[in-house]
Every structure is written in structure tokens, then in C-alpha cells.
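What follows is a short report on a single structure.
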Amino acid sequence: MSSFGQRLKFLREERGDNQEKIANMLGISRAAISKYENDEREPDMKTILALTNYFDVSVDFLFGKTPIRGNPHNIQENLKLIFGESPIEQIQADILRTIGVNFSIEDLKNYISGNRIPSLKSLIALADYAQVSLDFFYRKNTPESLKNEQENFKNNGDNAFSDHEVIEDMLIDKNYIKLAKWIKKRNLSPEKIIKLLENILTIGND
Numbered sequence: 635m636s637s638f639g640q641r642l643k644f645l646r647e648e649r650g651d652n653q654e655k656i657a658n659m660l661g662i663s664r665a666a667i668s669k670y671e672n673d674e675r676e677p678d679m680k681t682i683l684a685l686t687n688y689f690d691v692s693v694d695f696l697f698g699k700t701p702i703r704g705n706p707h708n709i710q711e712n713l714k715l716i717f718g719e720s721p722i723e724q725i726q727a728d729i730l731r732t733i734g735v736n737f738s739i740e741d742l743k744n745y746i747s748g749n750r751i752p753s754l755k756s757l758i759a760l761a762d763y764a765q766v767s768l769d770f771f772y773r774k775n776t777p778e779s780l781k782n783e784q785e786n787f788k789n790n791g792d793n794a795f796s797d798h799e800v801i802e803d804m805l806i807d808k809n810y811i812k813l814a815k816w817i818k819k820r821n822l823s824p825e826k827i828i829k830l831l832e833n834i835l836t837i838g839n840d
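Residues in the sequence shown are numbered consecutively from 635, following the numbering used here.
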């Protein structure tokens, strides 16, 4: 998994920020940011919370403990938005019929109630079922944004799962067969695959 420094640099560059901007936001020196990104120093809790708020990610994601960026509360609320008022038994049956994945009633109840956070594998399946990207789950959404997301998914399947962390996780586990099946199912173009792998290698070599 990525280290804190690698994640911080990735998030900063993703937003197009330089080290000085982050340093000014935190009220610290640019040299301190450089040490964070090189894993030469870890920030205090106040700085950690400021970074998670600024980048809108969880503490676990910032420290490379999970490939899922967002607040677990967002996942819970988005699942409620996707499932609506449908009975849990109907949801289970519909998921099985649609994508062939058999979630237990208990797991679905725990995901919706927020008592349990779905694993990456489960979240990918739920995103596939709902026809949304993984990114959808860590954003705050409305019925309108859900509809727009699903339309984008249908019209632009090549970019449906833009988060390179999915592929990174499979590479770390050396699960190449699963990775090949995932790429085939997503119908990713060679250009898209190359771009994702380049991003992963860049983060891993910093």
C-alpha cells in the first residue's frame, strides 16, 4: 500500500497544488511538507485533520491503509440513495440477478446502517450494480447527481472506474488473473490501462 508521504504528494498534485500552497494552508514551512512527502516526518493530529478536511479523504486513506478515499458516512448515505425504500430482501435478489453477486442480508443491512464499511471488492460490486464510479461513494450526492452519474456510466464506460487504487490493490496482491478479468469487464482501452499503470508506478517510485 502507499505510504503517508506518497498519498500526500499524490493528493497535492491531483489538485494542482504546490508544496508552498499546502504549507501556507497549514501554517507550516514548505520544508516540513517536503519531509512529510519523503516520509521523513509525520504530522501531528491537528495537521492530519486539516489535511483530511482539505483533500476530503479519510485518515485511513491518507495513511495508505485503505484504497477507499471517503468518509464512511458518505458510503452509507449513498447506499441509501441507491437502494431507496426497497426491502432488503428485494435489494439482495436484484443484485444477484443483475451482477451475479450474492450479498448476505446481514452484510447489506450493516452497510446501509453504517455498522460495517464494505470491502473494496464489495464496493466494486455495488458500484457495478448501481452503475456508478467508485468515486461516487465518497462524495455527497443527491437524486439528481445519482441520475447524472448513471448516465455518464452508460455513455462513458471506459472511464467508469477512474480510481487507479483498484488496479494498485490487485497488483500488490499479485492477483493478475483477477486484474485481467476486471480490465476485460471494464472494457478499458490500451491507452487508459497505460495511463493508470503510469500513475501507479509514479506514486510507487517517489
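Glycine is no exception: its CB is placed at the ideal position from the N, C-alpha and C atoms.
| Item | Value |
| --- | --- |
| Segment contact, 8 Å Cβ cut-off, at least three pairs: the segment 736–749 with the segment 682–692 | no |
| C-alpha gap between TYR670 and PRO701, whole angstroms | 20 Å |
| Given 8 Å, three or more beta-carbon pairs between the segment 730–738 and the segment 768–779 | no |
| Host alpha helix (DSSP H) of ASN775 (start-end) | Note, ASN775: premise wrong, no alpha helix (DSSP H); not H, not E. |
| Straight-line gap, PHE787 to GLU711 (C-alpha atoms, nearest Å) | 20 Å |
| Length of the line joining the Cα atoms of SER637 and ARG675 | 12 Å |
| Contacting residues, own chain, Cβ-Cβ under 8 Å from GLY698 (five flanking each side not counted) | MET635, SER636, SER637, PHE638, GLN640, ARG641 |
| For ASN658, the first and last residue of its enclosing alpha helix (DSSP H) | 653–660 |
| Cβ neighbour criterion (16 or more within 10 Å) applied to GLN726 | buried |
| Distance CB(ILE716)-CB(LEU757) smaller than 9 Å | no |
| Cβ-Cβ separation, ILE746 to LYS714 (assumed contact under 8 Å), whole Å | 6 Å |
| Nearest candidate by alpha-carbon position, reference GLN765, set GLN653, LYS781, ILE662, GLU723 | LYS781 |
| Chain-order list of residues whose beta-carbon lies under 7 Å from that of ALA759 (same chain, five-residue window excluded) | ILE733, VAL735 |
| Backbone secondary structure at LYS781 - three-state DSSP | helix |
| Per-residue burial, ASP762 [other beta carbons within 10 Å of its own, 16 or more giving buried] | buried |
| Buried or exposed (CB count within 10 angstroms, at least 16 for buried), THR776 | exposed |
| Option in LYS680, LEU696, LEU660, ALA684 with minimal Cα separation from PHE644 | LEU696 |
| CB contact check: TYR772 to chain B, cutoff 9 Å | In the displayed structure, chain B is absent; only one protein chain is listed. |
| Cβ-Cβ distance between ILE656 and ARG646 below 9 Å | yes |
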